[in-house]
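Let me begin by presenting the structure, written as structure tokens, before commenting on it.
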Amino acid sequence: MTQNSETNTKKASGATPERQKIFSGIKSTGIPTLGSFLGAISNWEKLSAEYDCLYCVVDLHAITIRQNPKELRDYGRNMLAWLIALGLDPEKNILYYQSQVPAHAELSWILNCYTYMGELGRMTQFKDKSAKNEDNINAGLFTYPVLMAADILLYQANLVPVGDDQRQHIELCRDVAGRFNKIYGDVFTMPEAYVPPVGARIMDLQTPSDKMSKSDENANGCILLSDSPDVIIKKFKRAVTDSDNTVKFAEDKPGISNLLTIYACMTGKKIAHCEAEFADAGYGAFKQAVGEAVAQNLAPYQEKHARLMADIGELDAIAAKGAKKAAEAAEKTLAKVKEAIGFVV
Ligand code: AQP
584 MTQNSETNTK
594 KASGATPERQ
604 KIFSGIKSTG
614 IPTLGSFLGA
624 ISNWEKLSAE
634 YDCLYCVVDL
644 HAITIRQNPK
654 ELRDYGRNML
664 AWLIALGLDP
674 EKNILYYQSQ
684 VPAHAELSWI
694 LNCYTYMGEL
704 GRMTQFKDKS
714 AKNEDNINAG
724 LFTYPVLMAA
734 DILLYQANLV
744 PVGDDQRQHI
754 ELCRDVAGRF
764 NKIYGDVFTM
774 PEAYVPPVGA
784 RIMDLQTPSD
794 KMSKSDENAN
804 GCILLSDSPD
814 VIIKKFKRAV
824 TDSDNTVKFA
834 EDKPGISNLL
844 TIYACMTGKK
854 IAHCEAEFAD
864 AGYGAFKQAV
874 GEAVAQNLAP
884 YQEKHARLMA
894 DIGELDAIAA
904 KGAKKAAEAA
914 EKTLAKVKEA
924 IGFVV
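Under this note's numbering, think of the first position of the sequence shown as 584, with each following residue one higher.
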């Protein structure tokens, strides 16, 4: 992690330094996976003590793929409950739904006018999602990264903790912010990506060349945070590996390397330590151990999630309170942007 902006946010010498800001989001397109937990949410929780954090269920991003209305609402509430269950205290972090803060869509439109078609056409996620949704390559899918830039820049975020797949979008956000600032002066804080050293790209258990995704077609490739211990262990037992039966992290062993990464994240051990632990074990015993570690780790979060989902009224109230606080912060940036552009304010 680079911390170049630490000095930017310090007030004049002698004054207490301002806390830096974090923004990150997650789509309400399904039940979160072990991938989004290890690549993003677990770091959100770790960073939330040191920073002022906004974590958002990005439901506007979710509709770039066609969603069933009832499911979208359920997934949204479920996602909010997961964020809280996984350790994000709503008293210490601003948690909300993107669609409840109109400034996201408003700034997104403005930033569309400062983003080039060529830049958006180069985005890997756009190419991947277009290939998977040939019958619905909509304009929102194309401008998805602009909305993401608006999410981040609205809150003058210094740091954006994301999985590896989002690096390219953060780079684009920085390019757009830099372009805007060059024209109008220092309107936006330049954000940086925080991508964890281990767990930034958890791969599909059946196709280890692909990222684990919640909208995965093959359910066996993906560990959902709601999966029961039996299902988790079964999925790990079926995980695709290779034929040489050596538990070693290597480029030509994507399946085993992925399982080692997951085991290391779950146990807090170094990869080398995990390799040594299973040096004399076969793949069967190793896969069983990874499955058990994941199931054990997730159990307390699953219990907390079930308790939170039993009170939808309380969840909606948490989101409404979060949206109010987020909107106040967002409006300040939006006013600055409108003034800079020359709108009558
Ligand atoms: N497999 C993964 N490994 C590491 N990090 C991951 N993230 C997602 N999958 C992995 C990170 O989780 C955060 C939230 O992601 P998202 O749900 O908003 O979008 P996504 O990356 O498109 O996730 P999915 O599961 O693949 O969703 P669908 O299937 O709906 O497209 C991000 O920081 C992401 O990097």
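C-beta: ideal position from N, C-alpha, C; glycine also.
Beta carbon of residue i, beta carbon of residue j: below 8 Å?
{"i": "V640", "j": "L663", "result": "yes"}
{"i": "E628", "j": "L669", "result": "yes"}
{"i": "V873", "j": "L842", "result": "yes"}
{"i": "G701", "j": "Y680", "result": "no"}
{"i": "Y738", "j": "A912", "result": "yes"}
{"i": "A686", "j": "A910", "result": "yes"}
{"i": "L742", "j": "I605", "result": "yes"}
{"i": "T616", "j": "I816", "result": "no"}
Is any heavy atom in the ligand AQP found nearer than 7 Å to the beta carbon of residue i?
{"i": "L621", "result": "yes"}
{"i": "A783", "result": "yes"}
{"i": "I667", "result": "no"}
{"i": "Q749", "result": "yes"}
{"i": "G659", "result": "no"}
{"i": "M795", "result": "yes"}
{"i": "V873", "result": "no"}
{"i": "V729", "result": "no"}
{"i": "I609", "result": "yes"}
{"i": "S713", "result": "no"}
{"i": "T612", "result": "yes"}
{"i": "V814", "result": "no"}
{"i": "G670", "result": "no"}
On the three-state DSSP scale, how would you describe residue i?
{"i": "I679", "result": "The sequence as given places Tyr at residue 679; Ile does not occur at that position. Correct three-state label for Y679: strand."}
{"i": "G608", "result": "strand"}
{"i": "T585", "result": "Confidence in T585 is poor, its pLDDT being 36 and thus under 50, which makes the residue's placement unreliable; the coordinate value appears in the next sentence. T585: coil per DSSP, three-state reduction."}
{"i": "V873", "result": "helix"}
{"i": "K765", "result": "helix"}
{"i": "D635", "result": "strand"}
{"i": "M662", "result": "helix"}
{"i": "K836", "result": "coil"}
{"i": "K794", "result": "strand"}
{"i": "L742", "result": "strand"}
{"i": "E601", "result": "coil"}
{"i": "V640", "result": "strand"}
{"i": "L674", "result": "Note that residue 674 is Glu in the sequence shown here, rather than Leu. E674: coil per DSSP, three-state reduction."}
{"i": "M700", "result": "helix"}
{"i": "M565", "result": "This structure cannot speak to residue 565, because the chain is shown only from 584 to 928."}
{"i": "E800", "result": "coil"}
Using 8 Å for Cβ pairs, my map puts residue i next to residue j. What's the rounded Cβ distance?
{"i": "P791", "j": "P837", "result": "4 Å"}
{"i": "T612", "j": "I648", "result": "7 Å"}
{"i": "F869", "j": "V823", "result": "The Cβ separation is near 14 Å, so there is no contact."}
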